[in-house]
Amino acid sequence: MVGSSDRSTLRTLLDTAVAPLSDLTHTVLSEAFKQLGMPVIPQSVGSKTTRVELSLQQVPDTELPQLAQRVLQQQDFPFPVRPPLRHQLEDLLWEEGAPPGIPKKARRELARALYLPDLAQHHDRFLHLLDRLWAIEGPDLSLDEFSALLLNGTRPVTLSLFFIFPPRRRAGTEGSRRRLTG
1412 MVGSSDRSTL RTLLDTAVAP LSDLTHTVLS EAFKQLGMPV IPQSVGSKTT RVELSLQQVP
1472 DTELPQLAQR VLQQQDFPFP VRPPLRHQLE DLLWEEGAPP GIPKKARREL ARALYLPDLA
1532 QHHDRFLHLL DRLWAIEGPD LSLDEFSALL LNGTRPVTLS LFFIFPPRRR AGTEGSRRRL
1592 TG
């Protein structure tokens, strides 16, 4: 079960996630409250930012996970939740529940069976999907470098090569990225 410190973290993350609601008009804001299952705060209370803050404050701690689920299920209305924030929310929700375990063998077999050119016929949409679903930037590889690896036009690079079997640097080679793309 999630403790009170996790609920305060969840509330803080939700505060960041619902903050863009204050960019909506007062009328649309009331509809967004209803859609997300948040208490509707009347326009007479004050500014849109105040209404958003008060509405979130009125959500009981026990209902925060359900609100987080509803926020994550929103596609583009009233706002998309960016990957880093979405991942933090999902991690907290998964800690509370029991996420299904996926054995390494199953992940490897799935990665070997995937053929990237079939998955990425429209590479810009595919990269947008990757950006939405996974945090692929890290200290060693940016999204631009990753997209260059996937879409270099010389040799298809499968996800299994990069994610499941990370390249190892060996003495006398030009580097792992060069081996994958060249």
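One rule links them: number in my numbering = place in the sequence shown (from 1) + 1411. Heads up, the beta-carbon is just placed ideally off N, CA and C, and yes, glycines get one too. Predicted, not measured: the structure shown is a model, and the values here were computed from it.
Residue i, buried or exposed, once every other Cβ within 10 Å from all chains shown has been counted against 16
i, result
"residue 1429", "buried"
"residue 1463", "buried"
"residue 1492", "buried"
"residue 1440", "buried"
"residue 1530", "exposed"
"residue 1500", "buried"
"residue 1540", "exposed"
"residue 1525", "exposed"
"residue 1544", "exposed"
CB contact flag (residue i, residue j, <7 Å)
i, j, result
"residue 1481", "residue 1447", "yes"
"residue 1522", "residue 1489", "no"
"residue 1424", "residue 1475", "no"
"residue 1478", "residue 1470", "yes"
"residue 1433", "residue 1452", "no"
"residue 1472", "residue 1418", "yes"
Under the three-state DSSP convention, the category residue i falls into
i, result
"residue 1493", "coil"
"residue 1437", "helix"
"residue 1539", "helix"
"residue 1485", "coil"
"residue 1451", "coil"
"residue 1498", "helix"
"residue 1533", "coil"
"residue 1471", "coil"
Residue range of the alpha helix (DSSP H) that includes residue i
i, result
"residue 1463", "1459-1468"
"residue 1529", "1527-1530"
"residue 1524", "1515-1524"
Check: residue i C-beta below 6 Å from any heavy atom of the ligand HEM
i, result
"residue 1456", "Looking at this structure, you won't find the ligand HEM or any other ligand, since it has none at all."
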